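Trainee: Just passing along the structure, written as C-alpha cells.
4 protein chains.
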Amino acid sequence: MLPPADSLAVLRAAVLAFRDARDWRQFHNLKNLIVSLNLEAAELLELTQWQRDEEVEALPADPVRREALADECADVLLYLLLIAEQAKIDLLAAAQAKLVKNAAKYPVDKARGSRAKYVDLS
Amino acid sequence: MLPPADSLAVLRAAVLAFRDARDWRQFHNLKNLIVSLNLEAAELLELTQWQRDEEVEALPADPVRREALADECADVLLYLLLIAEQAKIDLLAAAQAKLVKNAAKYPVDKARGSRAKYVDLS
Amino acid sequence: MLPPADSLAVLRAAVLAFRDARDWRQFHNLKNLIVSLNLEAAELLELTQWQRDEEVEALPADPVRREALADECADVLLYLLLIAEQAKIDLLAAAQAKLVKNAAKYPVDKARGSRAKYVDLS
Amino acid sequence: MLPPADSLAVLRAAVLAFRDARDWRQFHNLKNLIVSLNLEAAELLELTQWQRDEEVEALPADPVRREALADECADVLLYLLLIAEQAKIDLLAAAQAKLVKNAAKYPVDKARGSRAKYVDLS
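Protein chains in written order, with this note's numbering: chain A, 1 to 122; chain B, 1 to 122; chain C, 1 to 122; chain D, 1 to 122.
Right, here's the structure in full:
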C-alpha cells in the first residue's frame with residue numbers, strides 16, 4: 001500500500017527523481033546544496049524588501065504575492081530534502097528531536113511571553 | 001484515526017503547541033519569521049565555514065557534526081512550518097506545485113547534465 | 001609619507017597583516033571568504049531578530065547594541081577587503097562604477113519616491 | 001581642500017546624494033537596510049552556486065564574472081555606508097577597533113595555522 005499522497009516521503013521521492021532525470025547528482029555536493037538553500041532563503045527574504053512589518057503581514061492576502069511566498073517556501077523545503085538525503089538525516093525525526101531540545105532550552109515557565117535568547121533567560 | 005506519527009502534520013501541530021505554550025505568537029510576525037529562517041539557514045552554512053568541498057562532504061560521517069547538521073536542518077523546517085501556518089500555505093502542495101514549475105523551466109532534454117540557469121538553457 | 005590614518009587603504013593593509021601573521025591565507029579561498037561574508041551579514045541581521053521596525057530603528061541609541069552593530073558592520077567590511085584583495089578588485093572604484101550603473105537603472109525622474117524594482121519602473 | 005577622490009568619505013557622500021535625489025530615505029529604515037545588505041551578500045554567494053572550490057577560485061580570471069563579482073561587492077559596500085550613516089557609525093574606526101578585538105580573540109601564538117573558532121582555541 002502506498003503512503004498518503006500528501007506525505008513528505010512522497011515529495012522526497014519526487015525531488016530525487018527530478019534530480020536524477022537531469023543527472024544533477026554530480027553537482028549536488030553537500031556544500032553546494034547548503035549554499036543553494038541559503039540562496040532560496042534569501043529569495044524568501046527578498047519578498048519582504050523595503051516593506052514595513054505591516055505590509056509584510058498583509059502579503060498573503062494578495063494572491064500573486066502569496067504564490068511567490070509559497071514558491072520560495074517550496075524551494076527551501078526541496079533543498080532541505082536533498083540535504084537530508086545526502087547526509088542520511090531523517091528530517092521529521094530530527095525536527096521532533098530538536099523541538100525536545102528547544103523545550104529544554106526554553107522552559108515554559110521562564111520563556112513564556114519573553115523573546116530573550118535562552119542564554120539570557122533567568 | 002490519527003495520522004501516522006511521522007507525518008509533517010504531526011510536526012506542525014507540535015511546533016504550534018510549542019509556540020503557544022510560550023505565548024510567542026505575538027513576536028511571530030511574518031517578516032520576523034522569514035528573518036529567523038534566514039538566520040537558521042546561515043547556521044547551517046556556518047557548519048561548512050573554512051572547509052573545502054571534500055571536508056563538507058565528509059561531515060555526515062562524524063556523529064557530532066552530523067547531529068549539528070540535523071539540528072540546523074530541523075530549525076529551518078520548524079520555521080518553514082510556522083511561516084506556512086501564518087501565510088495559510090499548504091507546504092506539501094506548494095512543493096509539489098513548484099516541482100512541476102521547475103520541471104517546465106528545466107526540461108529533461110535541455111537540462112540533463114547541465115548546471116546552467118534556466119534563462120541560459122538553449 | 002603615510003596615507004591618512006582613516007583611509008580604506010590603511011585598513012586593507014592592517015587586515016592583510018592580521019591574516020598573514022596567523023598564516024590564514026591557506027584557508028581563505030574565494031568561496032570560503034564569500035561564505036564568511038554571508039555569515040557576518042547574518043550576524044548583523046540577527047541583531048534585528050524578533051524586533052519590530054521601530055525597535056530596530058531605536059537600536060543605535062543604546063550604546064551596547066550600537067557597538068554590536070558597529071562590530072558586525074566592521075566584520076562585513078573586513079571580509080569585503082579580503083575578497084577584493086583576492087579577486088584583485090579595487091573596491092572604491094567598483095563602488096563608484098556600480099553607483100553609475102544604478103543611476104542608469106534608476107533614473108531620478110522615474111525612481112523618485114518609488115521603491116519599485118528597476119524592471120518594474122515605467 | 002577636497003579629500004582624495006578615492007576615499008571612502010567621497011563614496012559615502014555620493015551614495016547619500018544618490019539616495020536623496022530619489023527621495024528614498026523614507027524607505028531606508030535600519031531593518032530594511034540590513035535586510036538589503038543580506039540580499040546583496042546572497043547575490044555575491046550566488047556567483048559561486050554549483051561550483052567547486054577551484055572553479056570559484058578561477059572566477060576572477062574571467063572578465064565578465066569578475067565584473068559581476070566587483071558589482072556585488074560594491075553593492076554590499078554601498079549598503080554598509082547607508083547603514084553606518086543611519087546608525088552614526090564611523091565605519092573605518094569601527095573596523096580598526098574590531099581588528100583589535102579579533103587580535104585579542106585570536107592571539108598569534110594560538111591561532112597561527114589553525115582555523116578553530118576562538119572559543120575552541122587552546
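Cβ coordinates follow ideal geometry from the N, Cα and C atoms, glycine included.
In this text the structure is predicted, and so the values were computed from the model without any measurement.
Just to confirm, are residue 30 of chain C and residue 57 of chain D a CB contact at a threshold of 8 Å?
Mentor: As a working mapping, residue 30 of chain C is identified with position 30 in the third sequence. As a working mapping, residue 57 of chain D is identified with position 57 in the fourth sequence. A contact, by the Cβ cut-off of 8 Å.
Trainee: With distances taken Cα to Cα, identify the nearest neighbour of residue 49 of chain D among B:10, B:116 and B:86.
Mentor: Residue 49 of chain D sits at position 49 when you count from the first residue of the fourth sequence. Selected option, being the one with the closest Cα: B:116.
Trainee: Using the Cα positions of residue 110 of chain B and residue 85 of chain B, report the straight-line distance between them to the nearest angstrom.
Mentor: As a position in the second sequence, residue 110 of chain B is number 110, starting the count at 1. As a position in the second sequence, residue 85 of chain B is number 85, starting the count at 1. Approximately 36 Å, taken between the alpha carbons.
Trainee: List in chain order: all unbroken alpha helix (DSSP H) runs of 4+ residues lying wholly within the segment 23–98 of chain D.
Mentor: 30–46, 53–57 and 63–86, all fully within the segment 23–98 of chain D.
Trainee: In the DSSP assignment, find the unbroken alpha helix (DSSP H) run with residue 12 of chain A in it and report its ends.
Mentor: On the first sequence, position 12 is the one that residue 12 of chain A refers to. That run of the alpha helix (DSSP H) goes 8–21.
Trainee: With distances taken between CB atoms, is the gap from residue 47 of chain B to residue 72 of chain B smaller than 8 Å?
Mentor: For the purposes of this step, residue 47 of chain B is taken as the residue at position 47 of the second sequence. For the purposes of this step, residue 72 of chain B is taken as the residue at position 72 of the second sequence. Yes, Cβ-Cβ distance for residue 47 of chain B and residue 72 of chain B is below 8 Å.
Trainee: According to DSSP, simplified to helix, strand and coil, what is residue 118 of chain C?
Mentor: On the third sequence, residue 118 of chain C is found 118 positions in, with the first residue counted as 1. Helix.
Trainee: Counting beta carbon pairs with one atom in the segment 88–108 of chain A and one in the segment 87–97 of chain B, are three or more of them shorter than 8 Å?
Mentor: no
Trainee: Does any CB atom of chain D fall closer than 8 Å to the CB of residue 56 of chain C?
Mentor: The residue you call residue 56 of chain C lines up with position 56 of the third sequence. Output row for residue 56 of chain C: interface = yes.
Trainee: Quick check: is the beta carbon of residue 118 of chain D nearer than 8 Å to any beta carbon in chain C?
Mentor: For the purposes of this step, residue 118 of chain D is taken as residue 118 along the fourth sequence, with counting starting at 1. For residue 118 of chain D, the answer is no, since every Cβ of chain C falls outside 8 Å of its Cβ.
Trainee: Tell me, please, whether the CB atom of residue 7 of chain B is closer than 8 Å to any CB atom in chain A?
Mentor: In the second sequence, residue 7 of chain B corresponds to position 7, counting from 1. Interface residue, yes.
Trainee: Between residue 115 of chain D and chain B, is there a C-beta pair that is closer than 8 Å?
Mentor: Counting from 1 along the fourth sequence, the entry for residue 115 of chain D is found at position 115. Yes, residue 115 of chain D counts as interfacial toward chain B.
Trainee: Does any residue of chain C have a CB that is nearer than 8 Å to the CB of residue 18 of chain B?
Mentor: To locate residue 18 of chain B, count along the second sequence from 1; it is residue 18. With 8 Å as the cut-off, residue 18 of chain B does not count as an interface residue toward chain C.
Trainee: Distance check for residue 40 of chain B and residue 87 of chain B, CA to CA, integer angstroms please.
Mentor: Residue mapping note: residue 87 of chain B aligns to position 87 of the second sequence, counting from 1. Residue mapping note: residue 40 of chain B aligns to position 40 of the second sequence, counting from 1. Distance between the alpha carbons of residue 87 of chain B and residue 40 of chain B: 19 Å.
Trainee: Would you call residue 12 of chain B buried or exposed, if buried means 16 or more other Cβ atoms sit within 10 Å of its Cβ?
Mentor: Position 12 of the second sequence holds residue 12 of chain B. So residue 12 of chain B counts as buried.
Trainee: On the CB-based measure, 16 or more other CB atoms within 10 Å of its CB, does residue 25 of chain B come out buried or exposed?
Mentor: Along the second sequence, read from residue 1 onward, the residue named residue 25 of chain B stands at position 25. Counting Cβ neighbours within 10 Å, residue 25 of chain B comes out exposed, since fewer than 16 surround it.
Trainee: Kindly indicate which three-state DSSP category residue 2 of chain B falls into: helix, strand or coil?
Mentor: In the second sequence, residue 2 of chain B corresponds to position 2, counting from 1. Only weak support exists for where residue 2 of chain B lies, its pLDDT of 47 falling under 50; the coordinates are left without a value.
Trainee: Can you confirm whether residue 76 of chain A, when its beta carbon is compared against all beta carbons of chain B, has any partner nearer than 8 Å?
Mentor: On the first sequence, residue 76 of chain A is found 76 positions in, with the first residue counted as 1. Answer yes: the Cβ-Cβ gap between residue 76 of chain A and chain B drops below 8 Å somewhere.
Trainee: Confirm, please, whether the CB-CB distance from residue 33 of chain C to residue 83 of chain C is below 8 Å.
Mentor: As a first step, residue 83 of chain C is located in the third sequence; it is residue number 83 there, counting from the start. As a first step, residue 33 of chain C is located in the third sequence; it is residue number 33 there, counting from the start. Going by beta carbons, residue 83 of chain C and residue 33 of chain C fall inside the 8 Å limit.
Trainee: What residues from the segment 82–98 of chain A come within 9 Å of chain B, judged by C-beta to C-beta, listed N to C?
Mentor: Identification of residues in the segment 82–98 of chain A having a C-beta nearer than 9 Å to some C-beta of chain B yields 83, 84, 86, 87, 88, 89, 90, 91, 92, 93, 94, 95, 96, 97 and 98, given in sequence order.
Trainee: So, residue 98 of chain A versus residue 78 of chain B, is the Cβ gap smaller than 8 Å?
Mentor: Working through the first sequence from its first residue, we reach residue 98 of chain A at position 98. Working through the second sequence from its first residue, we reach residue 78 of chain B at position 78. Yes. Within cutoff.
Trainee: Taking Cβ to Cβ, would you say residue 76 of chain A is nearer than 8 Å to residue 35 of chain B?
Mentor: Numbered from its first residue, the first sequence carries residue 76 of chain A at position 76. Numbered from its first residue, the second sequence carries residue 35 of chain B at position 35. For residue 76 of chain A and residue 35 of chain B, no; Cβs fall outside 8 Å.
Trainee: Residues of chain C with CB under 7 Å from residue 46 of chain B, in chain order?
Mentor: Here residue 46 of chain B refers to the residue found at position 46 of the second sequence. The contacting residues are 39.
Trainee: Run the CB neighbour count on residue 3 of chain B, radius 10 Å, all protein chains shown included, and call it buried at 16 or more, exposed below.
Mentor: Within the second sequence, residue 3 of chain B is the residue found at index 3, counting from 1. Here residue 3 of chain B scores only 48 on pLDDT, less than 50, and its place in the model should not be relied on; the value that follows carries that caveat. Classification of residue 3 of chain B: exposed, given that the 10 Å Cβ count is below 16.
Trainee: How about residue 53 of chain B: is its C-beta nearer than 8 Å to some C-beta of chain D?
Mentor: Residue numbering aside, residue 53 of chain B sits at position 53 when the second sequence is read from its first letter. Taking Cβ atoms only, chain D reaches closer than 8 Å to residue 53 of chain B, which makes this a yes.
Trainee: Does residue 25 of chain C get closer than 8 Å to chain D when you measure Cβ to Cβ?
Mentor: Taking the first residue of the third sequence as position 1, residue 25 of chain C is located at position 25. No - not a single Cβ of chain D is within 8 Å of the one on residue 25 of chain C.
Trainee: List the residues of chain A whose Cβ lies closer than 7 Å to the Cβ of residue 64 of chain B, in chain order.
Mentor: Here residue 64 of chain B corresponds to residue number 64 of the second sequence, with the count starting at 1. Correct list: empty, because the minimum Cβ distance to chain A is about 13 Å.
Trainee: If distances are taken between C-alpha atoms only, which option among B:101, B:65, B:74 and B:118 comes closest to residue 8 of chain B?
Mentor: Here residue 8 of chain B corresponds to residue number 8 of the second sequence, with the count starting at 1. Sorting B:101, B:65, B:74 and B:118 by C-alpha distance to the C-alpha of residue 8 of chain B places B:74 at the top.
Trainee: From residue 5 of chain C to residue 113 of chain A, what distance separates their C-alpha atoms?
Mentor: Counted from its first residue, the third sequence places residue 5 of chain C at position 5. Counted from its first residue, the first sequence places residue 113 of chain A at position 113. Bear in mind that the predicted position of residue 5 of chain C carries a pLDDT of just 49, short of 50, making it too unreliable to give a figure here.
Trainee: Residue 120 of chain D: buried (16+ other C-beta within 10 angstroms of its C-beta) or exposed?
Mentor: Start at 1 with the first residue of the fourth sequence, and residue 120 of chain D comes out as number 120. With fewer than 16 Cβ atoms within 10 Å of its Cβ, residue 120 of chain D is classed as exposed.
Trainee: Could you tell me which of A:21, A:59 and A:28 sits nearest to residue 81 of chain A, measuring between CA atoms?
Mentor: The sequence position of residue 81 of chain A within the first sequence is 81, counting from 1. If we check each option's Cα against that of residue 81 of chain A, A:28 comes out closest.
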